[in-house]
Amino acid sequence: MAGRRNPLTRNVLYCLTRAFFSVTRILPLPLTRALGIGLAAIAYYCLPRVKRVGRANLDLAYGETLTGAEKRRILRESVRNLGLVAAEFSHLPGMLAHGIPPWIQVKGFDLVDGAQGVILMGAHHGNWELMLPLTGRLGLKVAAVVRDFDDPGMNALVSQVRSVPGVTLISKKKAMASLLSEIRSGSSIGLLADQNPRENAAPVTFFGRQTWASIGPALLAMRAGAPVHPVSITRIDHSRYVLEFYPALELVRSGNLIQDLQVNTQRCQDAIETLVRACPGQWLWLHRRWKPRAHLAQVWEAREKKETSRRHAEISADARNSS
């Protein structure tokens, strides 16, 4: 979770979240969704930060290509979608208790080779919480990276809902070694790669703007030799979804680690941008996607220098061996 909160704030947040989950769990799903929509409307009209951050992001992404009315519509839809995701969360175990429900259409699953571990790359789009549990129900072993909350009680509460058959949860802290082990044992890896990370990032262009993106999908693919498949879970209406798997991305493997990492991370972000543009009202516009992070530039420059030194050392060694 972003930032450290004081104990009182954490306790209040935990109690409110627990109360919300308790209410939504006992309500029928249609009423739960109506509650989520209502709370989303309150948030949109009563929380200034929602409009401020969301509108700033839409201005950065679309500039003058969309009118103010169009941007407001997208932001309202985005907040509404977030309300539905939150409302449906406590119902996830019951929704998937008997396999793939009839209100979810699956497309493109034949593109995924279930005999080997693959990387399933998604975004905070549609109901992203459904993506990996559904994939597990389709027969793939899936491991997912989750971000720990500061509060252990909140972690336990959320993990209880996310822990469904077929999905292994891995903490974001020191996740790479665990992910490599999982994918080499035949599990597929689920990653949400659309946000602005604080570390392990490469410079990319997203919606025509310079920013930073997680190197996770590209680095994991390069180390494990695994394909990266973009995946979307798009809401058709309040109660129907389409889970779609897309062809594996064409990744480069030239031998220049840093150059390949940047190019492949950019290709991952291009795929995510395509998903967002197809249905912008279902993406999480409330995250500061283009937030400047000066320290990441310093880290990336150090990576580049280290790779250059490594390659020069290899060339020198080859020259000595051939002489």
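According to our numbering, the sequence shown holds residues -6 to 316 in order.
Think of the CB as a built atom: it goes at the ideal place given N, C-alpha and C, for glycine as much as any other residue.
Predicted model, so just to flag it, every value in this text is computed and none were measured.
| Check | Outcome |
| --- | --- |
| Own chain, CB closer than 7 Å to residue 97, minus 5 neighbours either side, in chain order | 127, 234 and 236 |
| Coarse secondary structure for residue 82, derived from DSSP in three states | helix |
| For residue 147 and residue 173, the rounded distance between their alpha carbons | 27 Å |
| Beta-carbon spacing of residue 283, residue 118 below 8 Å | no |
| 6 Å CB neighbourhood of residue 305 in its chain, flanking five on each side removed | none |
| Pick from 232, 221, 215 and 38 that is closest to residue 249, judged by C-alpha positions | 215 |
| Residue range of the beta strand (DSSP E) that includes residue 205 | 202 to 207 |
| Residues near residue 322 by beta carbon distance below 7 Å, same chain, minus five either side | Absent from the structure is residue 322, since the part of the chain shown begins at -6 and ends at 316. |
| Cβ-Cβ distance between residue 163 and residue 137 below 8 Å | yes |
| Backbone secondary structure at residue 51 - three-state DSSP | helix |
| Segment limits, alpha helix (DSSP H) that includes residue 185 | Per DSSP, residue 185 belongs to no alpha helix (DSSP H); it is in the beta strand (DSSP E), 181 to 185. |
| At least 3 beta-carbon pairs within less than 8 Å: the stretch 249 to 261 vs the stretch 16 to 26 | no |
| Which listed residue (27, 125 and 201) has its alpha carbon closest to that of residue 263 | 201 |
| Three CB pairs or more closer than 8 Å across the stretch 20 to 36 and the stretch 64 to 81 | yes |
| First and last residue of the uninterrupted alpha helix (DSSP H) at residue 115 | Segment 112 to 115 is the beta strand (DSSP E) holding residue 115; no alpha helix (DSSP H) there. |
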